[in-house]
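J.:
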Amino acid sequence: MSPIISVSGLSKVYASGFTALKTINLDINRGEIFALLGPNGAGKTTLISIICGITNPSIGQILVDGHDIQRDYRATRSLIGLVPQELHTDAFETVWATVSFSRGLFGKPKNPAHIEKVLKDLSLWDKKDNKIVTLSGGMKRRVMIAKALSHEPQILFLDEPTAGVDVELRKAMWDVVRTLRASGVTIILTTHYIEEAEEMADRVGVINRGEIILVEEKTALMQKLGKKRLKLHLQGKVDALPSSLAAYNLDLAESGKELIYTYDTRSEHTGITSLLGDLRAAGIRFSDLDTTQSSLEEIFVSLVRA
Amino acid sequence: MNLGAVKAIYRFEMARTWRTLLQSIVSPVVSTSLYFVVFGAAIGSRITQVEGVSYGTFIVPGLVMLSVLTQSITNASFGIYFPKFIGTIYEILSAPVSYFEIVLGYVGAAATKSIILGLIILATAGLFVPLHIHHPVWMLTFLVLTSVTFSLFGFIIGIWADGFEKLQMIPMLIITPLTFLGGSFYSISMLPPNWQTVALFNPVVYLISGFRWSFYEIADVSLSVSMGMTVSFLVICMTVVWWIFRTGYRLKS
Ligand SMILES: Nc1ncnc2c1ncn2[C@@H]1O[C@H](COP(=O)(O)OP(=O)(O)O)[C@@H](O)[C@H]1O
Ligand SMILES: [Mg+2]
C-alpha cells in the first residue's frame with residue numbers, strides 16, 4: 001500500500017537564516033503509530049507544522065494520501081488532526097463550544113453524538129459546559145485532543161503529548177491512541193521520552209539537528225536492544241580462538257586479554273552454559289566477568305552524538 | 001467553498017461581541033450621546049444652521065461614521081490579532097479553509113457589528129434631533145461599504161501588529177484625527193480655501209460627504225467621487241489582504 005504521508009527532499013530555512021530541517025525524506029505507513037524521537041530543537045515541531053500547513057516549506061514535496069499539501073490543501077488538511085505542543089486555548093469558550101467550533105472549521109456537518117463520544121472518551125463530558133479558563137493544564141490538553149478528533153481525522157499528529165502530563169492523563173491518552181489505531185487512524189507522535197516510543201510505536205524515527213538519522217521498525221530496534229554482551233577477563237593472553245569455539249559469536253579484545261560474547265537475551269537458549277563448558281574444555285580460564293546491555297537510550301545517544 | 005468554516009468563524013466572532021457587549025455596543029453609544037450633548041447643545045446654540053439644516057442634525061452622519069470607522073478597525077483588528085497572540089491561530093491555519101473564507105468570516109463579523117452599531121447610533125441620534133433620511137438605500141450602501149472596507153483595514157492592522165500598542169495606535173493616532181478633521185462636525189466649505197484643498201487629501205472626507213448626502217442631499221464633493229474613493233480604498237485593502245495571505249506575512253514563518 002502507498003504511504004499515507006510521503007515527505008521528499010523537504011528542507012526548511014527560517015527567515016532568521018537558521019536551517020531547521022536539512023533534507024528530509026520520510027514515509028509514514030497507513031494505520032501505523034510512528035514515533036518521531038529527537039532532542040529539543042531537532043526540528044520535530046517544524047516538520048509537523050509544515051505538513052499541517054502552519055509553516056511554509058522552503059523546498060521539497062509532501063504528499064498526504066497522494067495529495068500535494070500546497071496544491072490540494074483542502075484534501076490533505078481535512079484528513080489531519082493536530083494536537084500542538086503548546087497549550088493554545090480560547091479561555092472564555094466552553095469545552096462544548098470550542099470542540100464544536102473545530103468541527104465546523106473543518107467543514108463537517110454537525111454531529112453532537114460524535115462530539116459527545118469524543119468528550120466521554122477523554123473524560124471531559126462532565127466539563128462540557130465549563131469555560132476553558134477554569135480547567136487545569138491536563139484538562140486543557142484533553143480539550144486540545146478533543147478538538148483535533150472533532151472532525152474524525154484519518155491522521156493524528158501529537159506533538160509531545162505527554163510533556164508535563166500526569167500519569168493518569170498519560171494512560172488515558174494511550175488508551176485513546178490505541179483505540180484510534182484499531183479503527184485505522186494513523187498516528188504520528190513526537191517525544192523525547194524513549195520509553196514512550198518503545199511502548200507505543202510501530203516504527204521509530206530518530207531526528208537530530210534537522211536530519212532523520214534512523215527509521216526502523218520498533219521490533220528491529222528492540223532486537224538491537226535485546227543484545228547483551230558477556231565480557232570475560234581472561235587469566236592469560238589468547239592469540240587465537242580454538243576451532244572448538246568457532247560456533248559462538250565471540251570476539252577477542254584488549255589484545256587477547258578479554259573475550260566478548262554477544263547473545264540474544266530473548267532467545268530460549270543463551271548458550272552461556274555450553275560456552276562456559278567449552279571454554280573449560282579448551283583450557284581457557286577467566287578471572288572475572290560482567291554483562292552489559294545496550295539500551296535504546298544508548299543507541300539513541302550514540303546516534304545523536306555522532 | 002467551506003461554508004461551514006465561514007459560519008464557524010463568523011459565529012465565534014459574533015459570540016465574542018455578545019460576551020463583550022458593554023465594550024462593543026454600549027460604550028460607543030454613550031460616547032455618541034456625549035458628543036450630542038457637547039457639540040449639539042453647546043456649539044449648536046451658536047451655529048444654528050449649516051447649509052440649511054440645524055447643526056445638531058448636520059453632525060449625525062459624521063458621528064455615525066466616526067463610530068463605524070473606529071469600531072470596524074478595532075473589532076476586526078482584535079478579531080485576528082487575538083488568535084495570533086494566544087496561539088489559537090494554529091487551528092485556522094491547519095484547517096481546510098481558503099484565505100477568502102477566513103477573511104469572509106472575520107471581516108464579515110466585524111462589519112456586521114459595525115452596521116448594527118451604526119444603526120443603533122442613528123436611533124440614539126433620533127432621540128436628540130429630528131432625522132430625515134432622503135436616500136435610505138444610499139445611506140445603507142455607504143454604511144455597508146464603509147463597514148466592510150474599514151473592517152478589512154482593521155484585519156490588515158491586526159495581522160501587521162505585533163503588540164497591543166500598535167493595535168491601538170492606528171485608530172487612536174490616525175483614524176480619530178482624520179475623522180475629526182474629515183468634516184464630521186463641520187462642512188468643508190466652512191474652512192479657509194487653503195485648508196479646503198488640504199482636506200481633500202483626507203479620505204474620510206469622501207466617506208462622510210457621501211454619507212451625509214444620503215441624509216440631506218448636501219455634500220462637500222459629488223456623490224460619484226465619494227463612491228469612487230470608497231470603492232478604491234476597498235480595492236486597495238483587498239489587494240493588501242490578498243498579498244498577506246499569498247506570502248504568509250506575519251502569519252506563517
Ligand atoms: N520561527 C522560527 N524562526 C527561527 N528559528 C526557529 C523558528 N521556530 C523554530 N526555530 C528553530 O528551529 C529549530 C527546531 O525547532 P523545533 O522544530 O521546534 O524543534 P523540536 O520540536 O524538535 O524541539 C530550533 O533550533 C528552533 O530554535
Ligand atoms: Mg517541538
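Protein chains in written order, with the working numbering: chain A, 1 to 306; chain B, 1 to 253. Each residue gets a CB set at the ideal place from its N, CA and C atoms; glycine is no exception.
(1) Please report how far the alpha carbon of I24/A lies from the alpha carbon of V185/A, in whole angstroms.
(2) In chain B, which residues lie less than 7 Å from A15/A when you measure between Cβ atoms?
(3) Would you call the region 146–166 of chain B and the region 106–118 of chain B in contact, with 3 or more CB pairs under 8 Å?
(4) My guess is that G104/A and A5/B are in contact by the Cβ rule of under 8 Å, so how many angstroms apart are they, rounded?
(5) For a contact defined as C-beta to C-beta under 9 Å, what are the partners of N75/B on chain A?
(6) Please say whether V29/B and I120/B have beta carbons closer to each other than 8 Å?
(7) Along the chain, where does the beta strand (DSSP E) that runs through D251/A open and close?
(8) Give the straight-line distance between the Cα atoms of S16/A and G81/A, rounded to the nearest whole angstrom.
(9) Tell me, please, which residues DSSP counts as bridged to Q23/B.
(10) Nearest to Y193/A by CA position, among G9/A, T45/A, S78/A and F300/A, is which residue?
(11) Where does R181/A fall in DSSP's three states?
(12) By the DSSP assignment, the beta strand (DSSP E) with V7/A in it spans what residues?
(13) Kindly say whether E86/A, judged by its beta-carbon, lies nearer than 8 Å to any beta-carbon of chain B.
(14) Whose C-alpha, out of V206/A, P153/A, G137/A and K117/A, is nearest the C-alpha of K108/A?
(15) With C-beta atoms as the reference, is I157/B less than 8 Å away from I170/B?
(16) Rounded to the nearest angstrom, how far is the Cβ of S189/B from that of D220/B, given a contact under 8 Å?
(17) Would you check if the region 72–92 of chain B and the region 48–59 of chain B touch, i.e. whether three or more CB-CB distances between them fall below 8 Å?
(18) Report the partner residues of D264/A according to the DSSP bridge assignment.
(19) Quick check on E91/B - is its C-beta less than 8 Å from some C-beta in chain A?
(20) Going residue by residue through the region 120–154 of chain A, where are the continuous alpha helix (DSSP H) segments of at least 4 residues, counting only ones entirely within it?
(21) Under the criterion of a Cβ to heavy atom distance below 7 Å, does T45/A qualify as lining ligand 4?
(22) Who are the near neighbours of N40/A in its chain, counting only those whose CB is closer than 8 Å to its CB and skipping five residues on each side?
(23) Given 7 Å as the limit, tell me if Y90/B has its C-beta closer than that to any heavy atom belonging to ligand 1.
(24) Check whether chain B comes within 8 Å of F18/A, counting only Cβ atoms and requiring the distance to be less than that.
(25) For the 8 Å Cβ check, are there 3 or more pairs between the region 139–158 of chain A and the region 129–142 of chain B?
(26) So if I threshold CB-CB distances at 7 Å, which residues from the region 12–42 of chain B count as touching chain A?
(27) So what does DSSP say about L300/B, is it helix, strand or coil?
(28) Name the chain A residues whose beta carbon is nearer than 7 Å to that of I86/B?
(29) With hydrogens ignored, establish whether the beta-carbon of G87/B is closer than 7 Å to any heavy atom of ligand 1.
(30) Closer than 8 Å by beta-carbon distance: list the chain B residues that pair up with N56/A, in chain order.
(31) What does the Cβ neighbour count give for V133/A, buried or exposed, with the cut at 16 atoms within 10 Å?
(32) Would the C-beta of E196/A count as close to ligand 2, meaning under 7 Å from any of its heavy atoms?
(33) Identify the continuous alpha helix (DSSP H) that holds K166/B and give its terminal residues.
(34) Among the residues of its own chain, which have a CB less than 7 Å from the CB of V103/B, if the five just before and after it don't count?
(35) Roughly how many angstroms separate the alpha carbons of F39/B and K140/A, rounded to a whole number?
(36) Got a sec? Which residues, its chain only, sit under 7 Å from L21/A by beta carbon, not counting five neighbours each side?
T.: The short version:
(1) Residue mapping note: residue 24/A aligns to position 24 of the first sequence, counting from 1. Residue mapping note: residue 185/A aligns to position 185 of the first sequence, counting from 1. Taking the straight line joining both Cα atoms gives about 23 Å.
(2) Start at 1 with the first residue of the first sequence, and residue 15/A comes out as number 15. In chain order: S253.
(3) yes
(4) Mapped onto the first sequence, residue 104/A falls at position 104. Mapped onto the second sequence, residue 5/B falls at position 5. 7 Å between Cβ atoms; contact.
(5) Walking along the second sequence from the start, residue 75/B turns up at place 75. Correct list: empty, because the minimum Cβ distance to chain A is about 16 Å.
(6) On the second sequence, residue 120/B is found 120 positions in, with the first residue counted as 1. On the second sequence, residue 29/B is found 29 positions in, with the first residue counted as 1. Yes, these two residues count as a Cβ contact at 8 Å.
(7) Within the first sequence, numbered from 1, the residue matching residue 251/A stands at position 251. L250 to A253 is the span of the beta strand (DSSP E), which, as asked, contains D251/A.
(8) Within the first sequence, the letter at position 16 stands for residue 16/A. Within the first sequence, the letter at position 81 stands for residue 81/A. So the two alpha carbons sit approximately 29 Å from each other.
(9) By 1-based counting over the second sequence, the position of residue 23/B is 23. Paired residue(s): none; Q23/B is not in a bridge.
(10) As a working note, residue 193/A is residue 193 in the first sequence. Comparing Cα positions, the closest option is F300/A.
(11) Sequence index remark: in the first sequence, residue 181/A carries index 181 (1-based). If DSSP states are grouped into helix, strand and coil, R181/A belongs with the helices.
(12) Sequence index remark: in the first sequence, residue 7/A carries index 7 (1-based). Taken as a continuous stretch (DSSP letters only), the beta strand (DSSP E) holding V7/A covers I5 to V13.
(13) For the purposes of this step, residue 86/A is taken as residue 86 along the first sequence, with counting starting at 1. The beta carbon of E86/A sits closer than 8 Å to some beta carbon of chain B.
(14) For the purposes of this step, residue 108/A is taken as the residue at position 108 of the first sequence. Nearest C-alpha to K108/A: P153/A.
(15) Here residue 157/B refers to the residue found at position 157 when the second sequence is read from its first residue. Here residue 170/B refers to the residue found at position 170 when the second sequence is read from its first residue. Cβ distance < 8 Å, so I157/B and I170/B count as in contact.
(16) Numbered from its first residue, the second sequence carries residue 189/B at position 189. Numbered from its first residue, the second sequence carries residue 220/B at position 220. Contact holds; Cβ gap of about 7 Å.
(17) no
(18) On the first sequence, position 264 is the one that residue 264/A refers to. Paired residue(s): K227/A.
(19) The residue you call residue 91/B lines up with position 91 of the second sequence. For E91/B, the answer is yes, since a Cβ of chain A falls inside 8 Å of its Cβ.
(20) 137–149
(21) Annotation note on ligand 4: not contained in the displayed structure, which lists ligand 1 and ligand 2 as its ligands.
(22) On the first sequence, residue 40/A is found 40 positions in, with the first residue counted as 1. Annotation for N40/A: H192 place their beta carbon closer than 8 Å to its own, counting only its chain and skipping 5 residues before and after.
(23) Position 90 of the second sequence holds residue 90/B. Annotation for Y90/B indicates a beta carbon at 7 Å or more from all heavy atoms of ligand 1.
(24) Here residue 18/A refers to the residue found at position 18 when the first sequence is read from its first residue. Chain B contact via Cβ: absent.
(25) Contact fails between the region 139–158 of chain A and the region 129–142 of chain B, because fewer than three Cβ pairs, one in each stretch, are under 8 Å apart.
(26) F12 and R19
(27) Examination of residue 300/B is not possible in this model, given that chain B is present from 1 through 253 alone.
(28) Residue mapping note: residue 86/B aligns to position 86 of the second sequence, counting from 1. In chain order: H88.
(29) As a working mapping, residue 87/B is identified with position 87 in the second sequence. Result no, Cβ not under 7 Å from ligand 1.
(30) Numbered from 1 along the first sequence, position 56 holds the residue referred to as residue 56/A. Think of a sphere of 8 Å around the beta carbon of N56/A: the chain B residues whose beta carbon falls inside it are G248, K252 and S253, in chain order.
(31) Locating residue 133/A in the first sequence gives position 133, counting from the first residue. V133/A is exposed by the Cβ-count criterion.
(32) Taking the first residue of the first sequence as position 1, residue 196/A is located at position 196. Outside the cutoff, so no.
(33) Residue mapping note: residue 166/B aligns to position 166 of the second sequence, counting from 1. First-last of the alpha helix (DSSP H) with K166/B: F164 to M169.
(34) Taking the first residue of the second sequence as 1, we reach residue 103/B at position 103. Result list for V103/B: F155 and V241, in chain order.
(35) Along the second sequence, one-based indexing puts residue 39/B at 39. Along the first sequence, one-based indexing puts residue 140/A at 140. Rounded to the nearest angstrom, the two C-alpha atoms are 51 Å apart.
(36) For the purposes of this step, residue 21/A is taken as residue 21 along the first sequence, with counting starting at 1. The residues are L10, S11, K12, G43, T46, L47 and G210.
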